[in-house]
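Quick note, the sequence shown lines up with residues 19 to 115 if you use the working numbering.
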Amino acid sequence: MIAVTLAISLACVAWLARFDPKRRRSFGMRPRTAPVPAWAVWVVLIAPGVGLALQGEAAGFVLWLSAVCVFGWCVVWVPPSAYRRVLRHVRARCCRV
């Protein structure tokens, strides 16, 4: 259950970073129109954590909250120009048998 909530929330964090106009402007990238409003992505981002909290999963909620925070800081730390290189590296590590 926690893995699913993390996957949903981390995908939302990455999506928000990809289309954030202020972030794109600070890195000298052209603005890009998001296909979905940011508020809708925020709702999907927070919903799994609310679900964990309402189910009484205190440990799961704390784990979810900390993972989302750490992943958010990692997204901020990596410049957009390095995303493809990092993604290739992660895929090579994860897909190795």
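Every residue gets a Cβ at the ideal spot worked out from N, C-alpha and C, and that includes glycine. These numbers come from a predicted model, not from an experiment.
On a CA-only basis, which of the options is nearest residue i? Give me that one, please.
{"i": "Val86", "options": "Val62, Ser44 and Val104", "result": "Val62"}
{"i": "Ile64", "options": "Cys92, Ala29 and Arg106", "result": "Ala29"}
{"i": "Ser44", "options": "Arg102, Val94 and Ala110", "result": "Val94"}
{"i": "Lys40", "options": "Pro98, Gln73 and Leu83", "result": "Pro98"}
Is the beta carbon of residue j closer than 7 Å to that of residue i?
{"i": "Gly69", "j": "Ile20", "result": "no"}
{"i": "Val22", "j": "Gly90", "result": "no"}
{"i": "Leu48", "j": "Phe37", "result": "The residue asked about is misnamed: residue 48 is Arg in this sequence, not Leu. Result no, Cβ atoms of Arg48 and Phe37 do not sit closer than 7 Å."}
{"i": "Pro55", "j": "Ser27", "result": "no"}
{"i": "Val96", "j": "Val88", "result": "no"}
Throw me the rounded Cβ distance for the residue i and residue j pair, which I believe falls under 8 Å.
{"i": "Leu34", "j": "Val59", "result": "6 Å"}
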